[in-house]
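Visitor: The number in our numbering is simply the position in the sequence shown, starting from 1, with 18 added.
For each residue, glycine too, the CB sits at the ideal point set by N, CA and C.
A quick note: this is a predicted structure, and the numbers were derived from the prediction, not measured.
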Amino acid sequence: WLSKEQADYFVNKDNLFHPIIENNHLRLKHPTKAYSSNKKPKINWIIEYSKGIEFDFSGEKIIVPRDNRLIVSSRPPWIKIDMEKDIYEHLQEVYKGIDGALLSGYQMIKEVDEDGNTYDYYVDKSVKLIKKLKEVNPKIRIHVEFTSIQNRVIRNVILKKIIHEHVHSIGLDTVEVANALNVLGYEELAFAVIKKDERAIDALYEGAVILLHELKLERVQVHSLGYYICVSSKDSPVTPEDHKKSLLFAATVAASKAMSGDITTLEDCDQGLEVPIWKDGYNKFETLEKHLIERGIGTLKELQDGCVCTPKHDVIIIPTKVVKNPVATVGIGDTISAAAFVSMLSTLNAK
């Protein structure tokens, strides 16, 4: 599913491809050469606003606390998390060269769609796709970028039937961690995560550990304002130090994107190196440090270095960079997850 209007939004890069069937063979072409003229566009309205903007709403003054955005997303009936049958049947033709896959968009699944298909239909297709990826390349690493899913039934299904035991890694923000914990039966911990008090970072860490073990993952990466937490399994193919380097790279890439609104070359990421560590994020990092030491998890030296090894998992924590006046905030979370995941893959391939 790709309309001309949406294809035109993609940057003109030689390494950006979309699958298309030509003469009964799968070809990879730039989206502007692979769209379907009969497809309608899906329209999203993204409204960004800056810290300090004031609104008068029904007699009440509201001051925006930080840079953020509101996304109003359309949900037209023809949009489904699916792919054309011909493309699905030919995907193995390009799988052998793929060492990592980023999957997302599962929020589009409905309990029952307009054609009468239940969520089980789409879950089954998603799992088959993942299994096909693994069959062609058993060493492939698969990451799911979790997202805000209001329907509890769908949220539960995605966690337990798609992510559980099928993928290696997930990326989430604070609210998404709370939502995941909530449907897994950890309501009190979920509330503590979003409470926003000084102990919230402790709850966030504990929640990430639960997700790692309950969903049988290799890594759980959480991005929050001012710090990132990565919890990795003991059988992770890369070391905690490798994970830390990946998080630091992701922080630099995210800062660069926030500064310029776009990244076209690796050199564009250099500007992010000039952004200082956010003080509030470092303070939260110290709060978690005290919490872990009190529980006998890690030494002060390990925590100050950002890598803590426990008997059941490893913890990587870094305070991160926050751009004071960002050009854009849309896609920063995705940028963080993608940059860290790709960095981890490059480390894995170098071994």
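Quick check on the DSSP output: the alpha helix (DSSP H) that includes residue 288 runs from which residue to which?
Guide: Element bounds for residue 288: n/a, residue is neither H nor E.
Visitor: Using only the alpha-carbon positions, how far apart do residue 198 and residue 239 sit?
Guide: 13 angstroms
Visitor: Keeping to the same chain, check which residues put their C-beta closer than 6 angstroms to that of residue 250; ignore five residues upstream and five downstream.
Guide: Sequence-distant Cβ neighbours of residue 250 in its own chain, meaning closer than 6 angstroms and more than five residues away, are 237, 261 and 332.
Visitor: Which residue marks the beginning of the beta strand (DSSP E) containing residue 44, and which one marks its end?
Guide: 43 to 47
Visitor: In whole angstroms, what is the alpha-carbon distance linking residue 304 and residue 139?
Guide: Straight through space, the alpha carbons of residue 139 and residue 304 are spaced by roughly 46 angstroms.
Visitor: Straight-line CA distance for residue 52 to residue 34?
Guide: So the two alpha carbons sit approximately 11 angstroms from each other.
Visitor: Are the beta-carbon atoms belonging to residue 233 and residue 160 less than 8 angstroms from one another?
Guide: no
Visitor: Do you know how far the Cα of residue 123 is from the Cα of residue 352?
Guide: 12 angstroms
Visitor: Count the other CB atoms, across all protein chains shown, that sit within 10 Å of the CB of residue 82; report buried if there are 16 or more and exposed otherwise.
Guide: exposed
Visitor: Within its chain, find whatever has a CB closer than 8 angstroms to the CB of residue 145; leave out the 5 residues flanking it on each side and keep chain order.
Guide: 179, 180 and 184
Visitor: Which residue or residues does DSSP assign as beta-bridge partners of residue 247?
Guide: 240 and 335
Visitor: Please name the residue in 350, 334 and 246 whose C-alpha comes closest to that of residue 299.
Guide: Closest by alpha carbon: 246.
Visitor: Specify whether the region 265 to 278 and the region 331 to 350 touch according to this definition: at least 3 beta carbon pairs, one from each stretch, less than 8 angstroms apart.
Guide: yes
Visitor: Let me know the secondary structure DSSP gives residue 79 once reduced to three states.
Guide: strand
Visitor: Within the chosen definition, does the region 57 to 73 reach the region 82 to 97 through at least 3 CB pairs nearer than 8 angstroms?
Guide: yes
Visitor: Kindly identify the DSSP beta-bridge partner or partners of residue 191.
Guide: Paired residue(s): 241.
Visitor: Could you pull out every residue in the same chain whose Cβ sits closer than 6 angstroms to the Cβ of residue 78, ignoring the five residues on either side in sequence?
Guide: Hits under 6 angstroms: none found.
Visitor: Considering only the alpha carbon of each residue, which of 29, 24, 25 and 22 lies closest to residue 281?
Guide: 29
Visitor: In the DSSP assignment, the beta strand (DSSP E) including residue 211 goes from what residue to what residue?
Guide: Residue 211 -> not in any beta strand (DSSP E); alpha helix (DSSP H) instead, spanning 205 to 212.
Visitor: Hey, out of 60, 309 and 313, whose CA is closest to residue 216's CA?
Guide: 309
Visitor: Just verifying my parser: in three-state terms, what is the DSSP assignment at residue 230?
Guide: helix
Visitor: Given that a residue counts as buried once 16 or more other Cβ atoms are within 10 Å of its Cβ, and exposed if not, what is residue 96?
Guide: exposed
Visitor: Drop a sphere of 10 angstroms on the beta-carbon of residue 368, count the other beta-carbons inside from all chains shown, and report buried for 16 or more, exposed for fewer.
Guide: exposed
Visitor: Could you give the DSSP three-state label for residue 67: helix, strand or coil?
Guide: strand
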